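Residue numbers (my numbering), protein chains in the order written: chain A, 400 to 743; chain B, 400 to 743.
Virtual Cβ for every residue (Gly too), placed ideally from N, Cα, C.
The structure displayed is predicted, hence computed values, not measured ones.
Reviewing the structure listed below.
There are 2 protein chains.
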Amino acid sequence: MTHLPIALDAMGGDHMPEAAVLGARQAHERGIPVVLVGDAERLAPLLAAGGPELPVEHAGDVIRMGDDATQVRRRKDSSVMRCMALVKEGRASAAVSMGHSGATMAAALLSLGRLRGVERPAIVTTIPSERGPVALLDAGANADCRPVHLQQFAVMGSIYARVFLDRADPTVGLVSIGEEPEKGNELTLAAHRLLKETAGVRFHGNVEGRDLLAGTTDVFVTDGFTGNVMLKLAEGEARVLFGWVRDALASGPWHVRLGALLVRPALRSLRSRMDPHSIGAQPLLGVGGNVFIGHGSADATAVLNGLATAWRAVSANLTDRLGAALLELAASADPVEEARREPT
Amino acid sequence: MTHLPIALDAMGGDHMPEAAVLGARQAHERGIPVVLVGDAERLAPLLAAGGPELPVEHAGDVIRMGDDATQVRRRKDSSVMRCMALVKEGRASAAVSMGHSGATMAAALLSLGRLRGVERPAIVTTIPSERGPVALLDAGANADCRPVHLQQFAVMGSIYARVFLDRADPTVGLVSIGEEPEKGNELTLAAHRLLKETAGVRFHGNVEGRDLLAGTTDVFVTDGFTGNVMLKLAEGEARVLFGWVRDALASGPWHVRLGALLVRPALRSLRSRMDPHSIGAQPLLGVGGNVFIGHGSADATAVLNGLATAWRAVSANLTDRLGAALLELAASADPVEEARREPT
Chain A
400 MTHLPIALDA MGGDHMPEAA VLGARQAHER GIPVVLVGDA ERLAPLLAAG GPELPVEHAG
460 DVIRMGDDAT QVRRRKDSSV MRCMALVKEG RASAAVSMGH SGATMAAALL SLGRLRGVER
520 PAIVTTIPSE RGPVALLDAG ANADCRPVHL QQFAVMGSIY ARVFLDRADP TVGLVSIGEE
580 PEKGNELTLA AHRLLKETAG VRFHGNVEGR DLLAGTTDVF VTDGFTGNVM LKLAEGEARV
640 LFGWVRDALA SGPWHVRLGA LLVRPALRSL RSRMDPHSIG AQPLLGVGGN VFIGHGSADA
700 TAVLNGLATA WRAVSANLTD RLGAALLELA ASADPVEEAR REPT
Chain B
400 MTHLPIALDA MGGDHMPEAA VLGARQAHER GIPVVLVGDA ERLAPLLAAG GPELPVEHAG
460 DVIRMGDDAT QVRRRKDSSV MRCMALVKEG RASAAVSMGH SGATMAAALL SLGRLRGVER
520 PAIVTTIPSE RGPVALLDAG ANADCRPVHL QQFAVMGSIY ARVFLDRADP TVGLVSIGEE
580 PEKGNELTLA AHRLLKETAG VRFHGNVEGR DLLAGTTDVF VTDGFTGNVM LKLAEGEARV
640 LFGWVRDALA SGPWHVRLGA LLVRPALRSL RSRMDPHSIG AQPLLGVGGN VFIGHGSADA
700 TAVLNGLATA WRAVSANLTD RLGAALLELA ASADPVEEAR REPT
């Protein structure tokens, strides 16, 4: 399984196919096998320009950012649908796309289906915190959620934190507007009661907006609306605050500008910590295969990082482990199935 | 009206009554009249210790952070309820409390009622952005909202931006998960359609999490759950990022530490820009009087700043102007009343 290449959508995204070819070559050099999925005629000259030869799977169509996500249903020759087909046919171990994220999700659901026990797949994102990286989900796949969806996100997030963040027994926080169980909206009040009773989830209780960067818990569970607003606020604020620091240092008197020269490298490494391109692509948890979604603005470095992230997931059997944990959850919710299970 | 003092809840909050007395004295020295509302026996020695004499209105009870907000109904002698009574009786121009914010809201609704046309009062908060301060509401008063509530927040936020942020014709953004009108959750999809048709609101369209610190619009409208998560995330992230900057500079080699010494004052002024104490208290928009809610952690400086904010609102007739704008909205929604209105 881990010897199969990763199918990279070489067409979806702002800087494709150039960034895809460059990033895939860098991944290849690091031992990550990649198959480029896209327009063979456009890819040929880029590949001919030198560097290692990479396999190409032709796809004659591409879903653009402005297209409706549901078009994947009848555009089977689109690069993102071809990626999913390779995974489904057992010819690729994962699919990675920097294109239209709604279309990627629709294509994954259509081609690979959902894991048993998952009603809604979720995008999980990793946020740097004071206590190291933490997982936030759903980061935007489901704008409206029910309590049971948040419960499934908590199970999937716990597995993700074990596999990706090396946490032996990760804590899960429910994003709300007060630490007390009785603070929240209708969704979180009901989800809180459900999470308290969920086997396999080490539930910390409610967490607040300030807890995300503080890293109060390993996993932050929320609906896809709130999660997407949080992710984009966190990224945007880092950009603005580091910009303010840069401007304050550049416009000060001579001794401040001298000081700024001396501290510049230290500040630069901090900025890269908050740069979304450093992770490259985020897993779509809950579909029947390894699927990764990146920013449309991805450059070659982001493509390389996204492929490396996908390769870690493949090597760690992320999807299989998710499937097993979800079966446990389903069994514990169903007494008959519970009785049938082998004792663990 | 503007000669009436501001009623300050001298008991509610972590550092009361000491911070209240100190802050009120500093406000008094700047020409802002204040009446301290709280336990006269506890206040007397603090006032006797020197400095200008301030009027005291006795309140024998105080709502604590752990109390249920609805207790204000039967605890009429609590400091927060006494503050509202002073406003209602025309003996104070505004009420300011750093105590239990839910109790302050409940007390305000119970004593002062709502402005006509407002179903749900909202807490508005000011966020520093790249383009200057912007307003975010609701910051936590209403965890679950309907589209019409967001419409009323947009009207109130527009008036607030005119009066407090000096914007002649403020733009309003609806917080969502994509710029396109068809992106969002059920609440924002319906609110988007409503806001497009709302007279008196210059609707920009959807905005995203990243737009808050970028200051894309003057007003950001959202439900109280999302708004509270955004506010606390923004404050918490600033604390963490500036902490990282401090640590990176303090732990570097000698030339970095030298540079850090030189840039320290420039960075300190940046940090204060993101400090919630610099505003002190936020208006509760939509109740029948000027009511301001501050952080429980408020110190004397936060009390002073909160009193100054309240004094600006009183001087600018914020509540009267809100009332007039809301009547306009109600009239435009009602064709019969519309026909009765004077042409503008």
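Use the C-beta contact count for residue i: other C-beta atoms within 10 angstroms, 16 or more gives buried, fewer gives exposed.
i	result
H548/A	buried
A723/A	exposed
E452/B	exposed
M415/A	buried
G685/B	buried
W653/B	exposed
T597/A	buried
H591/A	buried
T469/B	exposed
S477/B	buried
H603/B	buried
E440/B	exposed
K595/A	exposed
A447/A	exposed
S677/B	exposed
R473/A	exposed
A418/A	buried
R490/B	exposed
M673/A	buried
Who are the Cβ neighbours of residue i in its own chain at under 7 Å, not counting the five residues just before and after it?
i	result
L626/A	The question names Leu, yet the displayed sequence has Gly at residue 626/A. For G626/A, where only same-chain residues beyond five positions count, the Cβ hits under 7 Å are L535, L536, D537, A538 and G539.
I692/B	S496, S500, T503, I522, A680, Q681 and L683
V433/A	P404, I405, L407, A423, A426, H427, L453 and L706
R720/B	I558 and V562
R667/A	none
V471/A	I462, S477, V479, M480, A502, A505, A506 and L509
G599/B	V554, S557, A724, E727 and L728
H402/B	none
DSSP has residue i in a bridge; who is on the other side?
i	result
L407/B	L435/B and V495/B
H457/B	G437/B
F619/B	L535/B and G572/B
Three-state secondary structure (DSSP) at residue i?
i	result
G685/B	coil
H548/B	helix
E452/B	coil
L661/B	helix
I558/B	helix
N605/B	strand
G693/A	strand
G539/B	coil
R513/B	strand
V523/B	strand
T570/A	strand
V486/A	helix
A381/A	The structure shown does not extend to residue 381/A, since chain A is modelled only from 400 through 743, so no value can be given for it.
A598/B	coil
A534/B	strand
S477/B	strand
E579/B	coil
R739/B	With a pLDDT of only 49 at R739/B, under the threshold of 50, the placement of this residue in the model should not be trusted; the figure read from the coordinates follows. Reduced to three states, the DSSP call for R739/B is helix.
E529/B	coil
W414/B	It is worth fixing the name first, because residue 414/B is His in this sequence and not Trp. The answer is coil: DSSP assigns H414/B none of H, G, I, E or B.
L564/A	coil
G465/B	coil
Under 8 Å Cβ to Cβ from residue i, same chain only, skipping five residues before and after it: list those, please.
i	result
R515/A	G722, L725, L726 and A729
R601/A	S557, D568, P569, T570 and V571
Could you name the residues of the same chain whose beta carbon sits closer than 6 Å to that of residue i, not counting the 5 residues immediately before and after it, in chain order?
i	result
G614/B	S528, E529, R530 and V533
G412/A	M497, G498, G695 and A697
N541/B	R519 and G623
E607/A	none
L612/B	S528
Any chance the CB of residue i is under 7 Å from a heavy atom of the ligand PLP?
i	result
R545/A	Summarising the ligand content, the structure contains no ligands, and the ligand PLP is consequently not present.
The segment 642-655 of chain A touching the segment 559-574 of chain A, judged by at least three CB pairs closer than 8 Å: no
Stretch-stretch touch, CB-based, cutoff 8 Å, three pairs: the segment 654-674 of chain A with the segment 636-645 of chain A: yes
Three-pair Cβ contact test at 8 Å for the segment 454-464 of chain A versus the segment 474-486 of chain A: yes
Three-pair Cβ contact test at 8 Å for the segment 419-433 of chain A versus the segment 701-709 of chain A: yes
Near-chain D residues of the segment 454-467 of chain B - C-beta to any C-beta below 7 Å: This model lacks chain D altogether, as its protein chains are A and B.
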